[in-house]
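In the numbering used here, the protein residues as written are 5 to 338.
Okay, here's the thing in structure tokens:
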């Protein structure tokens, strides 16, 4: 409680947006690492495959993949931009790996706050920690929860007393066999299209939600209005990686939802709140539906959010499931 009060008293202004009320951070760390283009956009497209998969870079704007597979089950693409902000705190990860003879897909969007350090760390370590878990295949939900907690613990240890206000959301999708497991902390959302309908498969973790507020208050914290509802008047999400000084209240316990991958499951959208602040779930699904190329779909979402005035970084990952598309080989190029 003392810390929260001291933060409030030291904050020079109350923010109207959902960025944390803090004294600084590592903002802008990621900008130099993004591919340069007219819109500061990084984009990519890929296909899952069990063999003969080669990743190639065609130019400075895109990283593309081409592959030939007899059992490709999904394609994916992403687009990411700082948007109207001068710094970039969004990160994303797309990864195809083999675990115990299974080909798995791992996709994530990580929206940093208080600087980019926490989001960058989660991108670099979460999925590696997950696939090393001994129960990744046999008990995937437990493995995901353990990997979230382990990654958070290791981040806090690695930073010691540095970057005390750095934190990150996470929205992750794990594809194992005919299962899709979505896990999240914070407000980076996951939405699927099943049978033509938009279905949210994650819940935004906000401190004004009844159960979240109760949990925070039972832990000795409080929720107050400072431009939006915030934990201790500081942070606009109630679950996140990092946030050392709020860790007692801002937990990293992911909510996990499992979906069956079948012919009714068309595609998945993972995105930071730079999209969801200005585009509804139904609108996002309607934009993606006519676009078979997931890269183009991700770019379409990103540009629409920008045009609608999103004031945040914008990152979108689209995974399209191929159960009904027939062909077994694919190739993409710039």
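Glycine included, C-beta positions come from ideal geometry on N, C-alpha and C.
For the pair residue 246 and residue 160, the CB atoms are nearer than the 8 Å cut-off. With fewer than 16 other CB atoms across the displayed protein chains lying within 10 angstroms of its CB, residue 201 is exposed. When the beta-carbon positions are compared, residue 145 and residue 185 come within less than 8 Å of each other. Check the Cα spacing between residue 118 and each of 128, 249, 82: the tightest is with 249.
Residue range 144-163 is occupied by the alpha helix (DSSP H) that includes residue 152.
According to the DSSP assignment, residue 93 belongs to no beta strand (DSSP E), since it is labelled neither H nor E. Annotation: residue 251 is outside any alpha helix (DSSP H) and is labelled neither H nor E by DSSP.
The three-state secondary structure of residue 166, taken from DSSP, is coil. Within 10 angstroms of the beta-carbon of residue 98 lie 16 or more other beta-carbons, which makes it buried. The three-state reading of DSSP puts residue 207 in coil, since its state is none of H, G, I, E or B. Each residue's CA atom was taken as its position, placing residue 210 and residue 137 some 29 Å apart. Here residue 236 is buried. Its C-beta has 16 or more other C-beta atoms within 10 Å. The region 210-237 contains, as complete alpha helix (DSSP H) runs of 4+ residues, the segments 214-222 (chain order).
Partner residues in the beta bridge of residue 115, as assigned by DSSP, are 94. Residues of the same chain with a CB within less than 6 Å of the CB of residue 116, apart from the 5 flanking positions on each side, are 93, 122, 123, 172 in chain order.
Taking the CA atoms as reference points, residue 112 sits about 7 Å from residue 174. Between the region 188-201 and the region 270-277 there are three or more C-beta pairs closer than 8 Å, enough to call the two in contact.
Straight-line spacing of the CA atoms in residue 149 and residue 131 works out to 12 Å.
Annotated as proximal: residue 197 and residue 271, with beta-carbon spacing under 8 Å. Within the region 265-318, the alpha helix (DSSP H) runs of at least 4 residues that lie entirely inside it are, in chain order, 277-280, 285-292, 298-311.
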